[in-house]
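Enquirer: I'd like to ask some things about the structure below.
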Amino acid sequence: MFAKRLTTDSIHIGTPAKVNLFLQVLGKRPDGYHDINSLFQAVSLFDRLKFTLVKGKPGIQINLTRPSKLELDDSNLIAQAYHLMQDRFGLESGLEVELEKNIPIAAGLAGGSADAAATILACVALFDLPLSFGEMAELGLEIGSDLPFFFTRGQALIGGRGEKITQTDFPTDYWLILVTPNIAISTGTSYAALGLGLTKAAQPFSLNRSETVVGLIDNLRQTGNDFEEVHLRSFPILGRIKDGLLDDGALLARMSGSGPTVFGIYMDAPVLVSNMKFGQDSLPAVVVRPVTLPVRLL
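Here it is, written out as structure tokens:
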């Protein structure tokens, strides 16, 4: 995540999508959440947000730069993040947000959490709040389990329900293609489909240290995404996308999060595409690279 101060009253923030290079769901917790074990990687698909202070008028107004199905009411995570900061710190002014939405919605890429993290950072900058990145991450956990990750350098092993973060330095000199089919997969339904009770707790997989991309891929092949088996049965298109990416030269193809986005990892830059054919389906595709940079305020 990067931020550039435009004026004393406005800031521009770019916040990336993430992929789960692997994802284990270890078990259900007494608080209703699930413990996970996952390697998160930020990638170069950014939502871009401009925040402008509206002095003396509390509240938040979200405007889109182009049409989208994104809800803009108080269910939006941007609004939730602002209201959390307002309640916690007594903010007496509001925010106007101009959102360029590039990360697909409800796609397993944590775009909503990324935007909420940007909102917390904007509030800290524009209202001059004395919070560390760690404290911002703790606040973010109240909104979403993926949110604390966006205050890291862009690559981390994630445990617990998202609060246990170990920053990592696995190789990142590779490319990815992201493909998001037009199907709706609920995160809550995905967890329910796994059927994990309170008494079941799997052992977390431990990645060996990898000095090369080939070594990382070999490690990742020993893992998977626990949601895939469930969703491949219900949505055959996901299997066709995986097979198509592998046929196209991907070294590994896997679903991200609870889906439906599927990514393929490539050693060399893929030919830039806007759509790919998977059987009878032509689907939008985007080429990205891993992003590993600390959160910066320019």
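Add 18 to a position in the sequence shown, counting from 1, and you land on the number used in the numbering used here.
Every residue gets a Cβ at the ideal spot worked out from N, C-alpha and C, and that includes glycine.
Remember, predicted model here, so these are calculated numbers, not experimental data.
1. Can you tell which of 139, 74 and 307 has its C-alpha closest to the C-alpha of residue 317?
2. Closest by CA to residue 40, which one among 265, 271, 250 and 241?
3. So residue 240 is in the beta strand (DSSP E); what residue range does that whole segment cover?
4. Could you compute how far the alpha carbon of residue 228 sits from the alpha carbon of residue 72?
5. Do residue 183 and residue 95 count as a contact pair if the criterion is CB distance below 7 Å?
6. Can you tell which of 144, 22 and 43 has its C-alpha closest to the C-alpha of residue 245?
7. Name the residue from 291, 306 and 210 whose alpha carbon lies nearest to the alpha carbon of residue 300.
8. Is residue 217 buried or exposed, if buried means 16 or more other CB atoms sit within 10 Å of its CB?
9. Between residue 13 and residue 238, how many whole angstroms is the CB-CB distance? I'm expecting something under 8 Å.
10. Following the continuous beta strand (DSSP E) through residue 303, name the residue where it begins and the one where it ends.
Expert: In brief:
1. Shown here, the chain extends from 19 to 316; a query on residue 317 therefore has no answer.
2. 241
3. That residue, residue 240, is in no beta strand (DSSP E); it is neither H nor E in DSSP.
4. So the two alpha carbons sit approximately 48 Å from each other.
5. no
6. Checking every option, the nearest Cα to that of residue 245 belongs to 43.
7. 291
8. Residue placement at residue 217 is poorly supported in this model, since its pLDDT is 49, which falls under 50; the coordinates still yield a value, given next. Its Cβ having fewer than 16 others within 10 Å, residue 217 is exposed.
9. Past the boundaries of the shown model lies residue 13; the chain is included only from 19 to 316, so the question cannot be answered.
10. 299-306
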